[in-house]
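Asks: As you go down the protein sequences, you meet chains A, B and C in turn. Just so you know, my numbering puts 242 at position 242 of the first sequence, and the rest follows in order with no gaps. In my numbering, each residue carries its 1-based index in the second sequence increased by 1000. In my numbering, each residue carries its 1-based index in the third sequence increased by 2000. Where a beta carbon is used, it is the ideal one built from N, C-alpha and C, also for glycine. Values in this document were obtained by computation on a predicted structure and should not be read as measured data. I have a structure here, written as structure tokens, and I will follow up with some questions on it.
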Amino acid sequence: MSKTVLQVRGVTKRFGGLVAVKDMAFDVHQHEVMGIIGPNGSGKSTMINMISGTFAPSAGSILLNGRELAGQPAHRIAQLGVARTFQLVRLLPEMSVLDNVIAGAAFGYRRRWGHSAETFARDLLARVGLAHAAGLPVSTLTYIDTKRVELARALASDPEVLLLDEWLAGLNPTELATGIALIRSLRDEGRTVILVEHVMDAIRSLCDRCVVMASGEKIAEGTPAQALSDPHVIRAYLGEDDA
Amino acid sequence: MFILITGLLLGGTYALIALGLNLQYGVARIMNLANGEMLVAGGFAAFWLYTAGQVNPIAALLVIAPLAFAANWLIYQVMLVPLVKRAKSRGALEVDSILATFGMSFAFVGIMSWIFGGGYFNYAFLATPVDLFGSSYAQNRVVAFVLAVLIGGALWLWLSFTRAGLNLRAVSVNPRSAPLVGIDVRAASALAFALGGAVTATGGALVSMFFTLDASVGVLFTMKALIIVIMGGVGDIRGTIVAAVLLGIAETAVARLIDPGLTLAAAYLLFLLVLLFRPQGLFGKAQT
Amino acid sequence: MSAREVRNLLVSAVLLGLCALLPIYGSAYWLTMGTTMAMFAVLATSWALFSGPTHYISLATAAFFGVGTFVTGLWFQSLPFWSLPLIAAVAGAALAALVGLVTLRLSGVYFVIFTLGLAEMVRQVFTWVQNQTGARGMYVLTSLTEREIFWMLLALGTLVYLAGWLIGRSRLGFALRIIGNDETVAKHSGIDTARAKVLLFMVPGAAAAAAGAMLAPRYIYIEPATAFAPLLSFQVVIMALLGGTGRLWGPIAGVIPFTLLWEVITRQAPNQTLLLLGLAFLLIVYVLPGGFVGLWDRARRRWGGR
């Protein structure tokens, strides 16, 4: 049995009177791809944001290899081995593609600087299919290419856990197939990935296990086959009905 | 007690001035560093109308406010819309608007000095004392306060209960989503900017009754308005009023009890404390 | 180091040498102008080191400068002169760290506003302390000649330039560029943004204070009202933005023409200086957002080059 890399226990997030996440608990094991899925507004992104330190949980604990992440500032969490992409791609507009990737390597979990950082970044760009783009300004890239750069940046720190926040959103069918293949290759390499996704194909083909959220709470956990056939999950997605 | 009431009177008038800036920054997202100059312009206008035309400042408001509205609307369309269009992010717009309005404020002071010379100007209107709660206060301060309350109250009612006011509040809360519900953000911002300028100029006219103004004193008022807006929470009317009163009282207390030369330092200290402990202001929402 | 970098260094060294010859071959008038330009070069270049990459507009220059002049005013009789800029630099860095710790965690707007009033507030406090203690302004009378002050400023300028060059190639400089691009990404990439900003802000704080300490003998009489004049902060911002913060030499490209222009206006139409200031700000915002450096870059792109 592989070891538990991330342990979420009793995590709750309140925004004023609104409870966005309630008492979430799940484990993520090394080398697995864990999906966090659920209908819109179920608290998935909030959960990811708490893991990456964008904001702190109102209660509960998030342990990364035994170190407490909850309440730590985002940069500390990044240094401890968590890297992420964003729902709306955030690239550094005034810097080249290569520099964008080096930015992920220079300050994160496994730091690199100077010549070794540059070589490493180039390799990563080749890995995600952007070998030709290293010197280009980011404004010239297509949508999927910007996502690739962001992925490369996240990988640049060689993180313990990679968080992908709806990384496959907004892609056309061809791009989607390429994207899924890319993430699958990451899994084959042994990366531990947490995916927040809506795209059912991706979930079924990529995730080893998944957690289903609705209205801030966990309503199912298990393999995609198990979770997606759970009547609670079906009801959450499709509403009360003869499913 | 005297300090409290004088501070309250002062704070009430400050509130009006800060409300103008709040509208401009909270809705139109323009950090208007020329705000103080608009105040001085209002004061100048009142002064000129009173000394040359014998028009009392309160009646003069009927002329000053619409003129300021129009002038600010023009400034927004001509000088600020290009910046809005060009800005890649909210932060970039803030920096650009700071620099641009800064430039405008200097240009304005330069022009004013040119026309009016560097002299101070003041005039006596309702300078007679009136007795309240056992101490005497200048009538003009009381009148200014009452008017500030009336105008501020009318503004609050308008913002809270009219359709246009609702539009402004929506833009202030979330400018990205406002267009989704049919609000013309550009028009709302222009309206807010113009209205803010009119309110500030009105405040200036009121303040000119008891303050001595000159061409260069605008910056000080801008600073105070900024401090008040941030202390109270950007976009929040109640916050601005509470913060303005607090500042008025603090300033008066420091001036009477410690040293009148330390009023800005006192305002600053308050500002510092707010930044340290509650940067979103007393009533503001934390930025995520 | 690449060939291009070596070439730039050599060119800079030659230019520096030429400047150093000014007191020997130039007239007294030009020496005075040169000293003023050297002062602004130090202030504007150090300003741009921080405000360029982070886009946080600092108006605190006058406060740091004033503190520096006071350091000299207080201790020029009891300490050797060369130690005064050092002490001033430490004081300036400390003040910058304080201001930074309070405001740099927050968005840029708070920073601008805070620094806008900082000089005024420091002035009010210093005035009050003076009134309480009965002290008056200080006369700084030394045997320093203008040319010695000029050379000191040149040396300081060289230090600032070198610091800028080193920081630009360092991880700290990279971190600050990232912060200026997208602070959220910076944080999630492992950058302690607050600490990086505060550290870098200490550089213009120290440099401006050191410059103030060096120039106190030129002002002769040091008192709060003149030492902390906010005008200095505005001039520095304009010069740096006019020249452009994209390159290390950018601010200097703004200092030279603006100082000359200011001189002309002060002579011909002294009441119009504020108007000039305002028009310069507007020019920078609407016509020259990248400053002269921006124009230079555009010209190079248009006419080939790399």
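Looking at the strands, I want to know which residues DSSP matches up with T4/A.
Replies: Note: T4/A sits in a beta bridge opposite H29/A.
Asks: If you check the beta carbons only, do T2061/C and L2043/C fall under 8 Å apart?
Replies: Yes; because the gap between Cβ atoms is below 8 Å, this pair is in contact.
Asks: Say whether chain C places a C-beta atom closer than 8 Å to the C-beta of M1038/B.
Replies: So, not an interface residue.
Asks: Have a look at P93/A, E94/A, R112/A and flag the residue whose alpha-carbon is nearest the alpha-carbon of I102/A.
Replies: Looking at the Cα atoms, R112/A is the closest of the given residues.
Asks: Taking any Cβ of chain B, which residues in the segment 2055 to 2070 of chain C have a Cβ under 7 Å from it, in chain order?
Replies: Within the segment 2055 to 2070 of chain C, the residues whose Cβ lies closer than 7 Å to some Cβ of chain B are H2055, I2057, listed in chain order.
Asks: Using the C-alpha atoms, what's the distance from V82/A back to G2117/C?
Replies: Rounded to whole angstroms, G2117/C to V82/A spans 41 Å at the Cα level.
Asks: For S2002/C, write down the residues that DSSP places opposite it in a beta bridge.
Replies: In DSSP, S2002/C forms no bridge with anything.
Asks: In chain order, what residues of the same chain lie with their CB nearer than 8 Å to the CB of L1276/B, ignoring the 5 residues before and after it?
Replies: Taken in chain order, the list of residues that qualify is empty.
Asks: Mind the definition here: the segment 2034 to 2048 of chain C touches the segment 2182 to 2190 of chain C only if three or more C-beta pairs lie below 8 Å; say whether that holds.
Replies: Segments in contact, no.
Asks: Helix, strand or coil for G35/A, going by three-state DSSP, please let me know.
Replies: Reduced to three states, the DSSP call for G35/A is strand.
Asks: Would S1172/B pass as a contact of V1081/B if the rule is Cβ separation under 8 Å?
Replies: Contact flag unset, no.
Asks: Specify, as a first and last residue, the run of the beta strand (DSSP E) that A214/A falls within.
Replies: That run of the beta strand (DSSP E) goes 209 to 214.
Asks: Would you grab the beta carbon distance between S205/A and I180/A for me? Rounded to a whole angstrom, and I think it's under 8 Å.
Replies: That pair is a contact at about 6 Å.
Asks: What are the boundary residues of the alpha helix (DSSP H) that includes A1188/B?
Replies: Start and end: 1185 to 1207.
Asks: Using a Cβ cut-off of 9 Å, pull out every chain A residue sitting near T2184/C, in sequence order please.
Replies: Result: T54, A74, F86, R90.
Asks: Under 7 Å Cβ-Cβ, which residues of chain C neighbour F120/A?
Replies: Ordered by position in chain C, no residue passes the 7 Å Cβ test against F120/A, which lies about 15 Å from the chain.
Asks: Within this structure, are the beta carbons of G43/A and D23/A separated by less than 8 Å?
Replies: Their beta carbons are not under 8 Å apart, which means G43/A does not touch D23/A by this criterion.
Asks: What is the rounded straight-line gap between the Cα of T54/A and the Cα of P2023/C?
Replies: The alpha-carbon atoms of T54/A and P2023/C are separated by roughly 57 Å.
Asks: According to DSSP, is F2228/C helix, strand or coil?
Replies: Looking at F2228/C - three-state DSSP - the assignment turns out to be coil, as it is neither helix nor strand.
Asks: Could you compute how far the alpha carbon of A2028/C sits from the alpha carbon of A2038/C?
Replies: Rounded to the nearest angstrom, the two C-alpha atoms are 15 Å apart.
Asks: Buried or exposed, going by whether 16 or more other CB atoms sit within 10 Å of the CB of T1288/B?
Replies: Caution is warranted here: a pLDDT of 37 is assigned to T1288/B, below 50, making its placement in the model unreliable, and the coordinate value is therefore given only provisionally. Result: exposed.
Asks: So, is the C-beta of L1008/B closer than 8 Å to a C-beta in chain C?
Replies: No, no contact with chain C.
Asks: Within the 8 Å Cβ cut-off, does M50/A reach chain C?
Replies: Taking Cβ atoms only, chain C never reaches closer than 8 Å to M50/A, which makes this a no.
Asks: Is there a Cβ from chain B that is less than 8 Å from the Cβ of R2181/C?
Replies: Contrary to the premise, residue 2181/C reads as Asn rather than Arg in this sequence. With 8 Å as the cut-off, N2181/C does not count as an interface residue toward chain B.
Asks: If the cut is a Cβ gap below 7 Å, which residues of chain C does D1259/B touch?
Replies: Result: W2128.
Asks: I'd like the list of long-range same chain contacts for A121/A, defined as Cβ closer than 7 Å, with 5 residues on each side in sequence excluded.
Replies: Around A121/A: L98, V101, I102, A105, A156.
Asks: Hey, could you find the ends of the beta strand (DSSP E) D165/A is sitting in?
Replies: That run of the beta strand (DSSP E) goes 161 to 165.
Asks: Anything in the segment 2262 to 2284 of chain C with a Cβ closer than 9 Å to a Cβ of chain B? List those residues in chain order, please.
Replies: Cβ contacts with chain B come from N2271, Q2272, T2273, L2274, L2275, L2276, L2277, G2278, L2279, A2280, F2281, L2282, L2283, I2284.
Asks: Measure the alpha-carbon distance for F1106/B versus G2278/C and round it to whole angstroms.
Replies: In a straight line, the C-alpha of F1106/B is about 4 Å away from that of G2278/C.
Asks: Apart from the five residues on each side of it in sequence, which residues of its chain come closer than 6 Å, Cβ to Cβ, to R2298/C?
Replies: Once the five neighbours on either side are set aside, R2298/C has no close Cβ partner at all.
Asks: Would you list, in chain order, the members of the segment 2153 to 2171 of chain C that have their beta-carbon closer than 7 Å to a beta-carbon of chain A?
Replies: Listed by position along the chain: R2171.
Asks: Starting from the C-beta of L69/A, find all residues in its chain whose C-beta is less than 6 Å away, skip the five residues before and the five after it, and write them out in chain order.
Replies: Here the set comprises I62, I77.
Asks: Let me check understanding here. Comparing Cα to Cα, which of W2030/C, F2070/C, G2026/C lies closest to A2227/C?
Replies: Of W2030/C, F2070/C, G2026/C, the residue nearest in Cα terms is F2070/C.
Asks: So, using beta-carbon positions, are L163/A and S45/A closer together than 8 Å?
Replies: Not in contact: L163/A and S45/A (Cβ atoms no closer than 8 Å).
Asks: Rounded to whole angstroms, what is the Cα-Cα separation between L182/A and L130/A?
Replies: Looking at the two C-alpha atoms, the distance is approximately 12 Å.
Asks: Cβ closer than 7 Å: which chain A residues qualify as neighbours of F2174/C?
Replies: Here the neighbours are A106.
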